[in-house]
Amino acid sequence: QVQLVESGGDLVQPGGSLRLSCAASGSIVSIDGIGWYRQASGKQRELVAKISRGGNTNYATSVKGRFTISRDNAKNTVYLQMNSLKPEDTAVYYCNAVAGPGSYWGQGTQVTVSS
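Count the sequence shown with the numbering used here and you get residues 72 to 186, in order.
Here it is as structure tokens:
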């Protein structure tokens, strides 16, 4: 079992920045990779960025060059640095961990980009 807790969501103006955090606990050693997903109102959940156990990263085309995923192994935490935010980035952001056959989700954190 893996538990995930997201934080850092907020209301920010267009062009602003936020850093989201995903703190993991439980069977940390079994985690193969962690991803950030988002779900805007009325839309399907989509992958934003992910980082593998080996440190490889992947990004959605819409966020490349603006968002950066990173991790601090000592703190069991994965971050999503979001810069140059746009209104279309508004969504609930979720952290997901894949560990063997299991897939675990956090409760989500709201990001609203608006003037």
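By construction, the Cβ of each residue, glycine as well, lies at the ideal position given by its N, Cα and C atoms.
By the neighbour-count criterion, in which 16 or more other beta carbons inside 10 Å mark a residue as buried, G173 falls on the exposed side.
The beta carbon of T128 sits closer than 6 Å to the beta carbons of I122 and I140 from its chain, once the five residues preceding and following it are set aside; these are given in chain order. In this structure, the beta-carbon distance from Y164 to T180 falls below 8 Å. When A145, D160 and I102 are compared, the shortest CA-CA separation from L75 is found for I102.
Sequence-distant Cβ neighbours of S96 in its own chain, meaning closer than 7 Å and more than five residues away, are Q74 and N147.
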